[in-house]
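Engineer:
2 protein chains.
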Amino acid sequence: MSDNSDGSCIVKHFESYAALDEKDQQLLLSLEEGPREWPKNTPLWQQGDPSDSFYTLSKGWACSFRDLEDGTRQVLDIYVPGDIVGLREFSFRKRITSVVMLSDAELCAFPRTHLDHIFSSSLVLCSVMFMITSRDQAILLERLVNLGRRSARQKLAHFLAEISYRLQRTNTFVENHLSLPLTQSVLADALGLSAVHVSRTFKEFREEGLLKTANAHLELMDIKGLEAVAGFDEFYLESLVSESHL
Amino acid sequence: MSDNSDGSCIVKHFESYAALDEKDQQLLLSLEEGPREWPKNTPLWQQGDPSDSFYTLSKGWACSFRDLEDGTRQVLDIYVPGDIVGLREFSFRKRITSVVMLSDAELCAFPRTHLDHIFSSSLVLCSVMFMITSRDQAILLERLVNLGRRSARQKLAHFLAEISYRLQRTNTFVENHLSLPLTQSVLADALGLSAVHVSRTFKEFREEGLLKTANAHLELMDIKGLEAVAGFDEFYLESLVSESHL
DNA sequence: GGCAAGAGATAACCCAGGTTATGGGGGCCG
DNA sequence: CGGCCCCCATAACCTGGGTTATCTCTTGCC
Numbered sequence: 001m002s003d004n005s006d007g008s009c010i011v012k013h014f015e016s017y018a019a020l021d022e023k024d025q026q027l028l029l030s031l032e033e034g035p036r037e038w039p040k041n042t043p044l045w046q047q048g049d050p051s052d053s054f055y056t057l058s059k060g061w062a063c064s065f066r067d068l069e070d071g072t073r074q075v076l077d078i079y080v081p082g083d084i085v086g087l088r089e090f091s092f093r094k095r096i097t098s099v100v101m102l103s104d105a106e107l108c109a110f111p112r113t114h115l116d117h118i119f120s121s122s123l124v125l126c127s128v129m130f131m132i133t134s135r136d137q138a139i140l141l142e143r144l145v146n147l148g149r150r151s152a153r154q155k156l157a158h159f160l161a162e163i164s165y166r167l168q169r170t171n172t173f174v175e176n177h178l179s180l181p182l183t184q185s186v187l188a189d190a191l192g193l194s195a196v197h198v199s200r201t202f203k204e205f206r207e208e209g210l211l212k213t214a215n216a217h218l219e220l221m222d223i224k225g226l227e228a229v230a231g232f233d234e235f236y237l238e239s240l241v242s243e244s245h246l
Numbered sequence: 001m002s003d004n005s006d007g008s009c010i011v012k013h014f015e016s017y018a019a020l021d022e023k024d025q026q027l028l029l030s031l032e033e034g035p036r037e038w039p040k041n042t043p044l045w046q047q048g049d050p051s052d053s054f055y056t057l058s059k060g061w062a063c064s065f066r067d068l069e070d071g072t073r074q075v076l077d078i079y080v081p082g083d084i085v086g087l088r089e090f091s092f093r094k095r096i097t098s099v100v101m102l103s104d105a106e107l108c109a110f111p112r113t114h115l116d117h118i119f120s121s122s123l124v125l126c127s128v129m130f131m132i133t134s135r136d137q138a139i140l141l142e143r144l145v146n147l148g149r150r151s152a153r154q155k156l157a158h159f160l161a162e163i164s165y166r167l168q169r170t171n172t173f174v175e176n177h178l179s180l181p182l183t184q185s186v187l188a189d190a191l192g193l194s195a196v197h198v199s200r201t202f203k204e205f206r207e208e209g210l211l212k213t214a215n216a217h218l219e220l221m222d223i224k225g226l227e228a229v230a231g232f233d234e235f236y237l238e239s240l241v242s243e244s245h246l
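Top to bottom, those sequences are chains G and X. For the first sequence, full-length UniProt numbering assigns the number 1 to the initial residue and increments by one for each residue that follows. For the second sequence, full-length UniProt numbering assigns the number 1 to the initial residue and increments by one for each residue that follows.
Laid out in structure tokens, this is it:
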């Protein structure tokens with residue numbers, strides 16, 4: 001462990017997958033650009049923009065989405081502090097999704113061209129990159145199951161349980177209570193529901209003591225309860241190969 | 001049957017992303033195991049199995065899926081000849097999905113441990129690996145849009161249009177007519193529909209001259225027509241960075 | 001060659017969730 | 001401090017697609 005204690009976004013993120021030696025840390029650090037502020041509702045990029053970097057989200061929340069011909073929109077992913085944004089499409093010349101801030105946020109850019117350095121100079125970093133994208137895919141697969149085969153109650157509960165779980169990984173403070181900057185229409189667009197039906201379902205959840213709704217915020221009061229409603233199983237977020245297997 | 005002129009599964013697949021020099025080809029070849037037969041309905045692996053290799057599908061069709069607690073199932077992906085199967089989860093110690101053959105098939109195994117060689121000895125191969133997983137993710141994202149925000153007609157038409165498109169990439173014969181070994185219940189499980197409703201929708205499609213239904217097979221008669229119904233746009237399968245950008 | 005199992009067609013019925021509409025409350029900006 | 005916009009709640013109504021059931025047609029198998 002290095003002692004630039006507060007550490008860079010990306011070093012911290014990578015270290016949650018595997019231990020990095022000093023050389024790898026320096027390599028990552030040297031490629032990362034300093035944090036910049038992005039106010040709420042600012043787009044980070046839009047579909048069709050040139051795709052030349054990815055980011056780490058050091059503070060705040062964001063989501064990626066796609067606008068459809070008929071005016072609706074599909075939210076594809078929610079990003080929480082510590083997440084890497086845009087790695088998914090880094091082999092595309094143009095962005096295939098759009099990303100917007102859900103709250104005031106702070107991001108560090110990481111130009112794509114720098115990846116050559118990583119691939120050619122560190123086996124560990126390269127493997128961690130693959131682990132990150134694998135986990136990302138696993139999340140997408142679970143999202144497919146959620147959209148394809150679960151009821152509205154289960155969809156919502158599962159989605160919230162997953163986000164809680166991901167938050168606990170990088171942010172220590174969580175116990176059984178949590179506040180999320182998610183509006184009902186963002187959740188609706190993420191889960192293929194209407195905003196009205198999200199509101200209806202939240203009414204039930206409120207009556208069951210599972211959550212509270214505040215101003216464009218959501219308070220989870222009983223995460224275990226939500227997991228139970230969803231039949232949540234975290235296996236798809238865990239059981240990555242450990243470093244020793246690389 | 002290994003006639004090296006015809007080339008190995010995996011070399012062919014990689015070359016569709018970027019040109020490989022002799023050394024890279026030899027490296028890939030040396031790591032691939034010879035083809036083996038898998039009869040229809042045979043599982044390739046099941047959720048929870050140790051995850052120690054991926055495969056290339058040289059002949060036949062397969063699909064990955066997840067069985068749910070309530071007895072239903074979500075099909076996550078359909079694999080067509082030339083596809084790589086299992087790369088997605090290669091960072092997991094255990095399989096997070098199951099895979100089964102949809103027809104008699106032939107696969108080449110590729111043990112995971114060999115990937116170290118690739119990562120450490122060829123920048124091009126490493127980059128191609130990332131391109132493959134990126135495209136894989138793009139397909140999943142589009143599937144999310146499909147499940148979240150489209151009608152049954154659109155879901156089916158889009159899914160079939162995508163498969164046609166992917167088939168044309170590796171298999172030359174396709175024009176505007178195509179035969180697929182997909183049952184209605186596989187499609188239903190892939191798209192979050194009931195088999196009954198797939199049957200209903202196919203009746204419409206048949207009347208519109210878009211397709212025919214045979215014995216556990218599907219004949220697409222008018223691929224352009226299906227693309228029109230779906231509002232299909234292939235951008236998410238293209239526009240990968242070319243080799244010169246690596 | 002007969003039988004069980006899987007695949008599909010079709011009909012009748014029903015419900016989860018979409019749609020439309022209305023009203024209220026909080027935050028932000030001039 | 002007033003006006004506007006966004007977020008949310010709730011009600012009334014409607015429909016796309018789920019469910020169940022029955023019948024047929026293949027195909028594979030002893």
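Glycine is no exception: its CB is placed at the ideal position from the N, C-alpha and C atoms.
Among residues of its own chain, excluding the 5 on either side of Arg112 of chain X, which ones have a beta-carbon nearer than 8 angstroms to its beta-carbon?
Structural biologist: These residues qualify, in order along the chain: Ser51, Asp52, Ser53, Phe54, Phe90.
Engineer: Does the CB of Leu31 of chain X have a neighbour CB from chain G at under 8 angstroms?
Structural biologist: It does not: the Cβ of Leu31 of chain X has no partner Cβ on chain G nearer than 8 angstroms.
Engineer: Going by beta carbon distance, what residues of the same chain come within less than 7 angstroms of Tyr165 of chain G, once the five residues before and after it are set aside?
Structural biologist: So the list reads Glu234, Leu237, once near-sequence residues are dropped.
Engineer: According to DSSP, is Arg93 of chain X part of a helix, a strand, or is it coil?
Structural biologist: DSSP places Arg93 of chain X in coil when its eight states are reduced to three.
Engineer: With 8 angstroms as the threshold, decide whether the Cβ of Asp49 of chain X is near any Cβ in chain G.
Structural biologist: So no, Asp49 of chain X is outside the interface.
Engineer: Please name the residues in the UniProt domain "Cyclic nucleotide-binding" (16-119) of chain G whose beta-carbon is closer than 7 angstroms to at least one beta-carbon of chain X, in chain order.
Structural biologist: Of all residues in the UniProt domain "Cyclic nucleotide-binding" (16-119) of chain G, Arg66, Leu68, Glu69, Thr72, Gln74, Leu76, Arg88, Glu89, Phe90, Ser91, Phe92, Arg93, Lys94, Ile96, Thr97, Asp116, Phe119 have a Cβ within less than 7 angstroms of some Cβ in chain X.
Engineer: Per DSSP, which one or two residues make a beta bridge with Asp233 of chain G?
Structural biologist: Looking at the DSSP assignment, Asp233 of chain G forms no beta bridge with any residue, so it has no partner.
Engineer: With 8 angstroms set as the bound, which would you pick, yes or no: does the beta-carbon of Asp222 of chain X sit closer than that to a beta-carbon of chain G?
Structural biologist: With 8 angstroms as the cut-off, Asp222 of chain X does not count as an interface residue toward chain G.
Engineer: Using a beta-carbon distance below 8 angstroms, is Phe205 of chain G in contact with chain X?
Structural biologist: No, its Cβ sits nowhere closer than 8 angstroms to a Cβ of chain X.
Engineer: Taking Cβ to Cβ, would you say Phe232 of chain X is nearer than 8 angstroms to His158 of chain X?
Structural biologist: Result yes, Cβ atoms of Phe232 of chain X and His158 of chain X sit closer than 8 angstroms.
Engineer: According to the neighbour-count rule (16 or more other Cβ atoms, all chains shown, within 10 Å of its Cβ), is Asn215 of chain G buried or exposed?
Structural biologist: Exposed: under 16 other Cβ atoms inside 10 Å.
Engineer: Using only alpha-carbon positions, find the residue among X:Glu142, X:Arg73, X:Gly225 that is nearest to Thr97 of chain X.
Structural biologist: Thr97 of chain X has its Cα closest to that of X:Arg73, out of X:Glu142, X:Arg73, X:Gly225.
Engineer: How far does the alpha helix (DSSP H) with Ala188 of chain G in it extend, from its first residue to its last?
Structural biologist: It spans 184-191 - the alpha helix (DSSP H) in which Ala188 of chain G sits, taken as one unbroken run.
Engineer: What does the Cβ neighbour count give for Asn41 of chain X, buried or exposed, with the cut at 16 atoms within 10 Å?
Structural biologist: Asn41 of chain X is exposed by the Cβ-count criterion.
Engineer: Which residue or residues does DSSP assign as beta-bridge partners of Trp45 of chain G?
Structural biologist: The partner list for Trp45 of chain G (beta bridge, DSSP) reads G:Val99.
Engineer: At 9 angstroms on the CB atoms, spell out the chain X contacts of Ala152 of chain G, in chain order.
Structural biologist: Result: empty, since nearest Cβ-Cβ is about 13 angstroms, beyond 9 angstroms.
Engineer: Using a C-beta cutoff of 8 angstroms, does Gln184 of chain G count as contacting chain X?
Structural biologist: No, Gln184 of chain G lies away from the interface with chain X (no Cβ there is under 8 angstroms from its Cβ).
Engineer: Taking DSSP's pairing of strands, which residues face Ile84 of chain X in a bridge?
Structural biologist: X:Thr56.
Engineer: At a CB-CB cut-off below 9 angstroms, which residues of chain X make contact with Val145 of chain G?
Structural biologist: Under the 9 angstroms cutoff, chain X gives Arg66, Leu68, Gln74, Leu76.
Engineer: So, Glu227 of chain X versus Ala161 of chain X, is the Cβ gap smaller than 8 angstroms?
Structural biologist: Their beta carbons are under 8 angstroms apart, which means Glu227 of chain X touches Ala161 of chain X by this criterion.
Engineer: Helix, strand or coil for Arg73 of chain G per DSSP?
Structural biologist: Arg73 of chain G falls in the strand class under three-state DSSP.
Engineer: Please indicate yes or no: does the CB of Ile163 of chain X lie closer than 7 angstroms to some heavy atom of the ligand SAH?
Structural biologist: In the structure shown, the ligand SAH is absent, as is every other ligand, since no ligand is present at all.
Engineer: In its own chain, which residues sit with a C-beta less than 8 angstroms from the C-beta of Ser2 of chain G, not counting the 5 before and 5 after it?
Structural biologist: Residue placement at Ser2 of chain G is flagged as unreliable, the pLDDT there being 38, under the threshold of 50; the coordinate-derived value follows with that caveat. Here the set comprises Val11, Glu22, Gln25.
Engineer: Closest to Leu156 of chain G by C-alpha separation, out of G:Val124, G:Leu180, G:Ser127, G:Phe202, would be which residue?
Structural biologist: The candidate whose alpha carbon is nearest that of Leu156 of chain G is G:Phe202.
Engineer: Quick one: list the residues of chain X neighbouring Gln168 of chain G, beta-carbon separation under 7 angstroms, in chain order.
Structural biologist: Under the 7 angstroms cutoff, chain X gives no residues; its nearest Cβ is about 20 angstroms from Gln168 of chain G.
Engineer: Can a CB atom of chain G be found closer than 8 angstroms to the CB of Leu123 of chain X?
Structural biologist: At least one chain G Cβ lies under 8 angstroms of Leu123 of chain X.
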